[in-house]
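To convert, note that position 102 of the sequence shown is 82 in the numbering used here; the numbers rise steadily by one, no gaps.
Note that beta-carbon positions come from the ideal geometry of N, C-alpha and C, so glycine has one too.
Working notes for the structure below.
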Amino acid sequence: NSDKMRITSAGNVGIGRTPTSELLEVEGSMKLTAANSTIWMDGTAGTAKGINLYTASDFFIKTTNAERLRITSGGDCQWYNTSAVVKMTWDASEERLGIGTEAPNTAFSIVRLDASHIGLGGDGPQITLQNTSTDNNCFASTDFYNSTGYITGRIGAVFVDADDRNTDLFFSTRNNTDNVLSERLRI
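Given below as structure tokens:
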């Protein structure tokens, strides 16, 4: 078959192939060349979900005409909530991940502006580490490594008695003569 495009009696279009049950089927690549080129899915341009090639360098995925994901030619990514507020950012050039910020200033940044929840039991920025074991003396921790890959420190919570939720907070470091962590403080 040497046909380059075929339209069935049902109105389905095949480019480079014979169409089956889909309205449009393409065998091979498609190219959009206009600035702000968009592929709309489900509805019209004003209310649709779509993929938008906004400029020569940026790629967006939108829902209800609002950005949800943006990827730049430099590899940066931003994820948005329904109010078009940046929820997570990957800065490829600086190798930084930010949650709640579009400009992370460290390798891993968490930003939350909510003054109504300050203090213990509040709803401020949190990182959750969870060990689901029900055994005594299991722990969850944050570990610190040096440039050669050796662990240099650990801050963690050890579940001394899993039955009654008795938990200790501990701090461990490594001295220069061995590669073993030693507990330095337990609360």
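Taking the Cα of Thr132 as reference, the smallest distance to any Cα among Asn116, Asp123 and Phe139 is reached at Asp123. Counting other Cβ atoms within 10 Å of its Cβ, Gly78 reaches 16 or more and is therefore classed as buried. Cβ contact annotation for Ile(-13) (same chain, cutoff 7 Å, sequence separation greater than five): Val(-7), in chain order. Annotation: Phe119 to Ile167 spans about 14 Å, alpha carbon to alpha carbon. Under DSSP, Tyr60 forms a beta bridge with Val66. For Ala120, the enclosing beta strand (DSSP E) covers residues Cys118 to Tyr125.
Within the model, the alpha-carbon separation for Tyr125 versus Leu161 is close to 11 Å. Taking the CA atoms as reference points, Asn156 sits about 24 Å from Leu149. By DSSP's assignment, Asn111 forms no beta bridge with any residue.
With distances taken between CA atoms, Arg76 lies nearest to Ala87 out of Glu82, Met68 and Ala87. If you draw a 10 Å sphere on the C-beta of Gln58, you find 16 or more other C-beta atoms in it, and that means buried. For Thr69, the number of other beta carbons within 10 angstroms of its own is at least 16, and it is reported as buried.
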